[in-house]
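Residue numbers for the sequence shown follow this note's numbering, so the first one is 15 and each next one is one higher. Written out below as structure tokens is the structure these notes cover.
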Amino acid sequence: MACIVHQGSYDTIGEAYNQLMTWIEANGYRICGPNREVYVQGPEPGRDPSTYVTEVQFPVEKA
Numbered sequence: 015m016a017c018i019v020h021q022g023s024y025d026t027i028g029e030a031y032n033q034l035m036t037w038i039e040a041n042g043y044r045i046c047g048p049n050r051e052v053y054v055q056g057p058e059p060g061r062d063p064s065t066y067v068t069e070v071q072f073p074v075e076k077a
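Laid out in structure tokens, this is it:
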């Protein structure tokens with residue numbers, strides 16, 4: 015499993031995906047299943063989006 019933790023608004027989560035994809039390719043892995051997002055600290059009424067914490071995960075195998 016390849017993972018990255020993103021802290022901040024969901025508007026910028028694409029940056030985390032790009033970084034993770036770059037790492038997967040650079041380290042000789044390939045994605046072998048669907049991704050998932052684990053919302054460690056997500057939206058709640060009144061919560062500042064800059065405090066959201068999301069773990070992005072992809073199952074991987076050596077290419």
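We put the beta carbon where it would ideally sit given N, CA and C, even for glycine. In this text the structure is predicted, and so the values were computed from the model without any measurement.
Residue state for residue 29 is assigned as helix, using DSSP reduced to three classes. Secondary structure at residue 16: strand, using DSSP grouped into helix, strand and coil. In terms of Cα proximity to residue 75, the closest of 33, 19, 45 and 23 is 45. When secondary structure is reduced to three states using DSSP, residue 58 falls in the coil class, being assigned neither helix nor strand. Under a 10 Å Cβ-count criterion, residue 30 is classified as buried, with 16 or more other Cβ atoms of the shown protein chains found around its own Cβ.
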